[in-house]
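Asker: Quick note on numbering: the first sequence equals residues 24 to 466 in my numbering.
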Amino acid sequence: MMIVRFAPSPTGYLHIGNARTALWNALHARRHGGQFILRLDDTDVERSQEIYAEAIQQDLAWLGIRWDRLERQSLRLDRYGMALERLKAAGLVYPAYETPDELERKRKRQQARGLPPVYDRASLKLTEAERTALEARGRHPHWRFRLSGATVEWQDGVRGPCHIDTGSLSDPVLVREDGTVLYTFASVVDDADMGVTDIIRGEDHVANTAVQIELFHALGVAPPRFAHHNLIVAASGEAMSKRTGALSIRSFRKGGADPMAVAAVAVLTGTSEPVRPLASLDDLVPLAELSGISRALTKFDPAEIGHLTTRLLHTKPYAAVRDRLAAAGIDGARAELFWDAVRANLADMEEAVSWWHVVNGPIAPHVRSDPELIETARRLLPPEPWDETTWGIWCAAVTAATGARGKALFLPLRLALTGLDHGPELKRLLPLIGRAEAERRLV
RNA sequence: GCGCCCUUCGUCUAUCGGUUAGGACUCCAGAUUUUCAAUCUGGCAAGACGGGUUCGACUCCCGUAGGGCGCGCCA
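#1: Check whether the Cβ atoms of R211 and H165 lie closer than 8 Å to each other.
#2: Taking 8 Å as the cut-off, decide whether the C-beta atoms of G40 and G278 are in contact.
#3: Considering only residues of the region 149-188, which uninterrupted alpha helix (DSSP H) runs meet the minimum length of 4 residues and lie entirely inside it, listed in chain order?
#4: If you draw a straight line from the alpha carbon of D354 to that of D410, how long is it in whole angstroms?
#5: Taking 7 Å as the limit between beta carbons, can you name the residues of its chain near I328, skipping five residues before and five after?
#6: Just the Cα atoms here: how many angstroms apart are L291 and S191?
#7: Spatial neighbours of W417 within its chain, please: C-beta separation below 6 Å, excluding the five flanking residues on both sides.
#8: Rounding to the nearest angstrom, what Cα-Cα distance links L336 and P394 in this structure?
#9: Kindly identify the DSSP beta-bridge partner or partners of F59.
#10: Would you say the region 215-224 touches the region 234-250, given that touching needs at least three Cβ pairs under 8 Å?
#11: Assign S317 to one of two classes, buried (16 or more other C-beta atoms within 10 Å of its C-beta) or exposed (fewer than that).
#12: Name the two residues that bound the continuous alpha helix (DSSP H) containing T338.
#13: In the DSSP output, which residue or residues are listed as bridge partners for D221?
#14: Applying the criterion that 16 or more other CB atoms from any shown protein chain within 10 Å of the CB defines a buried residue, is I74 buried or exposed?
#15: For S71, name the three-state secondary structure that DSSP assigns.
#16: Quick check: A370 and T413, are their CB atoms within less than 8 Å of each other?
#17: Got a sec, what are the start and stop residues for the alpha helix (DSSP H) A112 sits in?
#18: Is the Cβ-Cβ distance between R167 and Y117 less than 8 Å?
#19: Count the other C-beta atoms from every protein chain shown that fall within 10 angstroms of the C-beta of V68, then say buried if there are 16 or more, exposed otherwise.
#20: Pairs of beta-carbons, one from the region 75-86 and one from the region 262-275, closer than 8 Å: are there three or more?
#21: Of the choices S97, P297 and D305, whose alpha-carbon is the least far from that of S32?
#22: Would you kindly report the start and end of the unbroken beta strand (DSSP E) that includes V376?
#23: Taking DSSP's pairing of strands, which residues face F323 in a bridge?
#24: Closer than 8 Å by C-beta to V376: which residues in its own chain qualify, once you throw out the five before and the five after it? Chain order, please.
#25: Tell me, which residues are paired with I316 by DSSP?
#26: Assuming V256 and L320 form a contact by the criterion Cβ under 8 Å, report the distance between their Cβ atoms to the nearest whole angstrom.
#27: Take D64 and list the residues in its own chain whose beta-carbon comes closer than 6 Å to its own, dropping the five residues that flank it on each side.
#28: Whole angstroms are fine: how far does the CA of A349 sit from the CA of P340?
#29: Judging by CA-CA distance, which residue of D101, N253, E94 and P300 is the nearest neighbour of R43?
#30: Skipping 5 residues on each side, what residues in its chain have a beta carbon closer than 6 Å to that of V381?
#31: Should G35 go down as buried or exposed, given a rule of 16 or more other Cβ atoms within 10 Å for buried?
#32: If you compare alpha carbons, which of T338, E373 and T294 is closest to E312?
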């Protein structure tokens, strides 16, 4: 059984880059009949907030993502403690006593000498006596995992064969002196416990992968498959930020974006599949092929979400928008007819409301350029019932009486009937306006 | 600074040594339409740079430039 997970930290709102990761995981699970776990990585109590945990779930749901399991790291602290004991017993972790300040100074010094800022393992070299002396003075250790120094290799689902030399990395701190755990450790323990088989995440995690593969081995668990997708960035130069909410899913939602427009851009940009309007996440499933993801950083234009939203709107059947229309006051017997008449004309949902006003009146006042023509047209208005053929019949009658045709006929009529020189086809609008109202507008 | 990765139309990409370098989006034009939208047709537009290897290089190698990521007791 394939098991994947999306593991955001609830420290801000999901942005389009997070959505990309979430969607790829969810889609991958659907594609292979697997399970999708939403795991809130909330071990950082300083920054994690419940409102964000809720917001994340709302945003994912808005995108159409459902999860089979919800997990929270804050509820699994005992598991991390047990795992640490196992690593201690196996001699795979060691106590370290430097303070954050000391470590910071060491890094500065290394940088200044042109050396990579890698932990020097000073604590590993401590003798038993030195350690007891430190602890006697009240120092509590944090625990570091001892990296092998070997080159870790894996077959990446996106990037192909990858290798990282763990000798160039610092031994990661797994557990702080107060017993709280760090991301790398919690993540691996969770993935192992939950049977995660495939990890799909952004390429900013490639270096973590080497560390985590060694950690899986240390815990006696076979590492999962890894796939690192490219990162996306706004072509506008605007930076994504969980903290400021820039390019957040919520901002797109508030801006009237269609969730499938956001999803299509989030998933398909930077792949060999053209970004296109799709009706549902299910349509995205066959396109979510990991090997189709580019290895290069990819730029996307947030405006594309607007374009897609518009194109999606044009294809929406009435049933798909009934509720939203009703909420905007567009309801009743004529609502479906109305939707089919105007949808191809809409740039966004708000425009539907303005066309609804055009149909129902009152309409904007306008200058009557050809009063005789309008008067004739008014007298020739056919009897009801009206349908889409009424417009043609009526126009033929007016042409026969006045000789007016083409633009000279249609433009004055459109202006008189709608107050505007543009809009949906009049043959479809006319029956919605109705005879009584049409007659009023032609006076 | 060190390490890893990347570089084809404005943007996302195809090409896996021989192509008029293809597609999608945007934009523009034409058709259609009273108009806008939609639709259809067409068009503009690309291999970062410099060396090699080769009969032949976008494709392979080296270098340069540019970009990204990483190098936390953040996740």
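Beta carbons are placed, not taken as given, at the ideal position from N, Cα and C, and that holds for glycine.
Answerer: The relevant details are as follows:
#1: Here residue 211 is taken as the residue at index 188 of the first sequence, counted from 1. Here residue 165 is taken as the residue at index 142 of the first sequence, counted from 1. It should be pointed out that residue 211 corresponds to Val in this sequence rather than to Arg. With respect to the 8 Å criterion, V211 and H165 are not classified as neighbours on the basis of their beta carbons.
#2: Reading the first sequence from its first residue, position 17 is the one you call residue 40. Reading the first sequence from its first residue, position 255 is the one you call residue 278. No, they are not a contact pair.
#3: Correct list: 151-159.
#4: Numbered from its first residue, the first sequence carries residue 354 at position 331. Numbered from its first residue, the first sequence carries residue 410 at position 387. C-alpha separation (whole angstroms): 19 Å.
#5: For the purposes of this step, residue 328 is taken as residue 305 along the first sequence, with counting starting at 1. Answer for I328: F275, A280, A284, V285 and V288, listed in chain order.
#6: By 1-based counting over the first sequence, the position of residue 291 is 268. By 1-based counting over the first sequence, the position of residue 191 is 168. Cα to Cα, the separation comes out at about 34 Å.
#7: The count along the first sequence starts at 1 and reaches residue 417 at position 394. Taken in chain order, the residues that qualify are P405.
#8: The count along the first sequence starts at 1 and reaches residue 336 at position 313. The count along the first sequence starts at 1 and reaches residue 394 at position 371. Each residue's CA atom was taken as its position, placing L336 and P394 some 38 Å apart.
#9: Sequence index remark: in the first sequence, residue 59 carries index 36 (1-based). For F59, which the question treats as bridged, DSSP gives the partners V27.
#10: yes
#11: Within the first sequence, numbered from 1, the residue matching residue 317 stands at position 294. So S317 counts as exposed.
#12: The residue labelled residue 338 in the question sits at position 315 within the first sequence. Its alpha helix (DSSP H) spans residues A326 to T338.
#13: Start at 1 with the first residue of the first sequence, and residue 221 comes out as number 198. BP columns for D221 point to R248.
#14: Here residue 74 refers to the residue found at position 51 of the first sequence. Exposed, because fewer than 16 other Cβ atoms sit within 10 Å of the Cβ of I74.
#15: Against the first sequence, residue 71 aligns to sequence position 48. Looking at S71 - three-state DSSP - the assignment turns out to be coil, as it is neither helix nor strand.
#16: Numbered from 1 along the first sequence, position 347 holds the residue referred to as residue 370. Numbered from 1 along the first sequence, position 390 holds the residue referred to as residue 413. Not closer than 8 Å, so no.
#17: Working through the first sequence from its first residue, we reach residue 112 at position 89. Counting along the chain, A112 sits inside the alpha helix (DSSP H) bounded by residues L100 to A112.
#18: Against the first sequence, residue 167 aligns to sequence position 144. Against the first sequence, residue 117 aligns to sequence position 94. For R167 and Y117, yes; Cβs fall inside 8 Å.
#19: Walking along the first sequence from the start, residue 68 turns up at place 45. Result: exposed.
#20: yes
#21: As a first step, residue 32 must be located in the first sequence, where it is residue number 9. Ranking the options by Cα distance to S32, first place goes to S97.
#22: In the first sequence, counting from the first residue as 1, residue 376 sits at position 353. It is not in any beta strand (DSSP E) - V376 instead sits in the alpha helix (DSSP H) that spans M372 to N383.
#23: Taking the first sequence and counting its residues from 1, the one referred to as residue 323 is at position 300. Per DSSP, A257.
#24: The count along the first sequence starts at 1 and reaches residue 376 at position 353. Around V376: A351, G352 and I353.
#25: Sequence index remark: in the first sequence, residue 316 carries index 293 (1-based). Its beta-bridge partners are T294.
#26: In the first sequence, counting from the first residue as 1, residue 256 sits at position 233. In the first sequence, counting from the first residue as 1, residue 320 sits at position 297. 6 Å between Cβ atoms; contact.
#27: Sequence index remark: in the first sequence, residue 64 carries index 41 (1-based). If we look at D64 and ignore the five residues flanking it on each side, its Cβ neighbours are A30, S32 and Q96.
#28: Position 317 of the first sequence, counted from the start, is the residue given in the question as residue 340. Position 326 of the first sequence, counted from the start, is the residue given in the question as residue 349. P340 and A349: Cα-Cα distance of roughly 14 Å.
#29: Reading the first sequence from its first residue, position 20 is the one you call residue 43. Nearest of D101, N253, E94 and P300 to R43, Cα basis: N253.
#30: Within the first sequence, numbered from 1, the residue matching residue 381 stands at position 358. When the five nearest sequence neighbours on each side are left out, the beta carbons in the same chain lying within less than 6 Å of the beta carbon of V381 are those of T441, in order along the chain.
#31: Counted from its first residue, the first sequence places residue 35 at position 12. Buried is the call here.
#32: Your numbering for residue 312 matches position 289 in the first sequence. Out of T338, E373 and T294, T294 has the C-alpha closest to the C-alpha of E312.
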